[in-house]
Each structure stands twice: as structure tokens, then as C-alpha cells.
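In the numbering used here, each residue carries its 1-based index in the sequence shown increased by 11.
Let me begin by presenting the structure, written as C-alpha cells, before commenting on it.
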Amino acid sequence: MSDSYVLGLDLGGTKIAAAVFDEQHRRITDVYALPTMANQPAKLTLLNLKRALGQAIRAAELDGPLLALGMGSPGRLDESTGSIVANNLPHLQNFPLARFLSEKFRAPLFWENDANCFTLAEALVGAGAGHTSVVGLTLGTGFGCGLVVNSQLYHGNTGAVGELSHCRIAGGSFDEMLSGDGVRRFYERVIAGMGNISLPASQISKIADSTPSTKKIGGMAENGDPAAVKAWALFGQALGEAIGIIVSVIDPAICVIGGSVATRFDLFHPTLKLALDSSVRSSATGGPRIEPSHLKNAAGVVGAAEHAFVRLANQRCADSPL
12 MSDSYVLGLD LGGTKIAAAV FDEQHRRITD VYALPTMANQ PAKLTLLNLK RALGQAIRAA
72 ELDGPLLALG MGSPGRLDES TGSIVANNLP HLQNFPLARF LSEKFRAPLF WENDANCFTL
132 AEALVGAGAG HTSVVGLTLG TGFGCGLVVN SQLYHGNTGA VGELSHCRIA GGSFDEMLSG
192 DGVRRFYERV IAGMGNISLP ASQISKIADS TPSTKKIGGM AENGDPAAVK AWALFGQALG
252 EAIGIIVSVI DPAICVIGGS VATRFDLFHP TLKLALDSSV RSSATGGPRI EPSHLKNAAG
312 VVGAAEHAFV RLANQRCADS PL
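Have a look at this one:
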């Protein structure tokens, strides 16, 4: 069997994911994931990156050429050095990652912001398929946002579309309040008595000492814990207000929510919808649809691969004689 293929790579602050796609844009392997180890020396992140890509390549059992690597990551790519500039990938700052990957796998690397990759994937083959304007929100290690119009990423004049992380909402920045850690912050407010939930002092002390994770707070809410339920409700309200701002400027047909926080969509969607409806009450349609990611953990690699296919097609058009 001799088939050419594209690698999709999703390099995040928490995990690295990779998968192989054939020339018909079909994902032909599972998504292989390993921890990023972002707080460890860069060589450990690079080792896991190579391992994840190697696992995907071996699983594909293809002996044709690698056409390209599509990579999504937080932050931006410094074109002068080929390095990623992202707060949650501190040890890769100034490392020539683009050259490293291109030389290691002997194929061109096409980079895109990870929130843009997520949005592109959901717009083409996920929850936003069939819609002319799609906003994607990634709520995980950080807060990310992307925009696809007529099946194409929209970057704006300077490539800064969706860079909302430092905007203020609910007493903090989008990144602080709407990422995974944001749920914990709302929870801490609740147990401190700021969320109108009254708990015994012994329970407050126990919770404060344990500092539960977002995942644990989700499980607690599903089991009826009042403080956890309130925390997710406050999170949904803040997210609804944030989406209301986005909708007022962009007026998309649909907003798709992904990232680790989206796995608890049912816990925060009701208050999100109330806050959003209040923000866009002047709209005749009541605002855009709000959907959780359909592609889930595959969205990042799908979007990275689709970006690579677009760039390859553009190169072929540019190289073709008139």
C-alpha cells in the first residue's frame, strides 16, 4: 500500500495529540495523546511529541510520503525564529520548533493557533457544519476563541481575531474566569460566602484545604453538592455574558464550546443561556445556537490537518502555470 498522508498535531499546555489523515481528509488512526509536561525541560516535551507522532504514523501502516504536518498550539508562532510564544509552554520559548519538526519528519510544517484549529474543525465537520459563521471557544488550560466565515478562518487585519483572553468579565480576565481554573475560582468564591451558599465551617475548611480540581467539582455538582452546583451556575453566567459580547460584535450563527470544561456542558448551559438571552434580547432570533463540541478530543488534530490541506492547496495553485 502506498498512500500519501498528512499529520495533524495538537500541542496544548496539558497534552499532545496526533493523528494521521489520508488525502481525502479522512482520519485513519485513533488520536494518540501524551502529556505535554510543559513545566519540565523542553527535551521531555519534545520526546513525547515525537512519540505521539510516531505512534500515529505506525498505526496508519502507510508507506507513502508525508505531505505535511499541520500543527495547532497556543499563542503565536514567531516567524523569525520558528518558535512558539505561549505562556503555558514556557520551556519552548525561543526553541526553533518549526525547523525541528520539518527536519525530523522531512515535510513542511503549517502552524495555526489551537483555538483556530478547533473552530475550523467544528465548522467543517463538527457542530458548526452547514453554518456560514462559526465561533469556537476552547475552555481548558486557557481560554481561546476562533472565527470561521464561509468555511474559512478569519484572522482579521493583524491576525488577532479571537484574542480575548485579557478582556474583563465577572471580576477577572476571560482567561482567568473562563478556563478550567475559572471553575475553581467560582467555587472558592462560593465556599467563602460570596455565592449565597451557607456551609458548615468544618466543611468550608475541609474544602479549602483540599482545593478540588475542576473535574472533581463537576462530579460533586452531578451528585448534588450545593456549592459545586452554584459554582458551575456562576461559571455559566459569566460565560454567557462573555459570549454576549462576542455575539454583539460578530453575530455568528453558532458558538461551539470545546476543551475539558465542555465535558460538563449540562452543568453550566442553563445559566449561560439565560445570561446570553439577556445580553442579546434586542435580537429577533434570540442569539446564536450554543453547542458543545461534536469532535471532542479529535477537534484539535482535525483542525490542524485541515489547515495543512488548505495551505497545500494554496501552494499548488500558486505553483500551477496560468
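We treat Cβ as the ideally placed atom computed from N, Cα and C, and that holds for glycine.
Quick caveat: nothing in here was measured; it's all calculated off a predicted structure.
**OP:** Can you tell me the Cβ-Cβ gap for residue 197 and residue 246, rounded? I've got them flagged as a contact below 8 Å.
**Re:** 5 Å
Subject >> Close Cβ partners of residue 27 (< 6 Å) along its chain, the five nearest in sequence each way excluded >> reply: 45, 47, 59, 60, 63
Subject >> Beta-carbon gap between residue 159 and residue 131 smaller than 9 Å >> reply: yes
**OP:** Entirely within the stretch 134-193 and at least 4 residues each: give me those alpha helix (DSSP H) ranges in chain order.
**Re:** 185-189
Subject >> Supposed contact pair residue 244 and residue 282 - C-beta distance, whole angstroms, cut 8 Å >> reply: 5 Å
Original post:
Under a three-way DSSP split, which group does residue 244 fall into?
Top reply: helix
Original post:
Under the three-state reduction of DSSP, which class applies to residue 202: helix, strand or coil?
Top reply: helix
Subject >> Which listed residue (120, 23, 70) has its alpha carbon closest to that of residue 85 >> reply: 23
Subject >> residue 302 (DSSP reduced to helix, strand or coil) >> reply: strand
**OP:** Return the CA-CA distance between residue 258 and residue 327, expressed in angstroms with no decimal places.
**Re:** 36 Å
Original post:
residue 179 to residue 192, Cα distance in whole Å?
Top reply: 16 Å
Original post:
The beta strand (DSSP E) spanning residue 123 covers which residue range?
Top reply: 120-124
**OP:** Classify residue 325 as buried or exposed, calling it buried when 16 or more other Cβ atoms lie within 10 Å of its own Cβ.
**Re:** exposed
**OP:** Please go through the same chain and pick out, in chain order, the residues whose beta-carbon is closer than 7 Å to the beta-carbon of residue 190, but skip the five residues on each side of it.
**Re:** 150, 151, 152, 153, 154
Original post:
When you compare only the Cα positions, how much space is there between residue 31 and residue 100?
Top reply: 24 Å
**OP:** List the endpoints of the continuous alpha helix (DSSP H) containing residue 231.
**Re:** 225-233
Original post:
Expressed to the nearest angstrom, what Euclidean distance is found between the alpha-carbon atoms of residue 335 and residue 307?
Top reply: What is shown of the chain runs 12 to 333, which leaves residue 335 out entirely.
Original post:
Considering only C-alpha positions, which residue in the set 108, 291, 125, 14 is nearest to residue 312?
Top reply: 125
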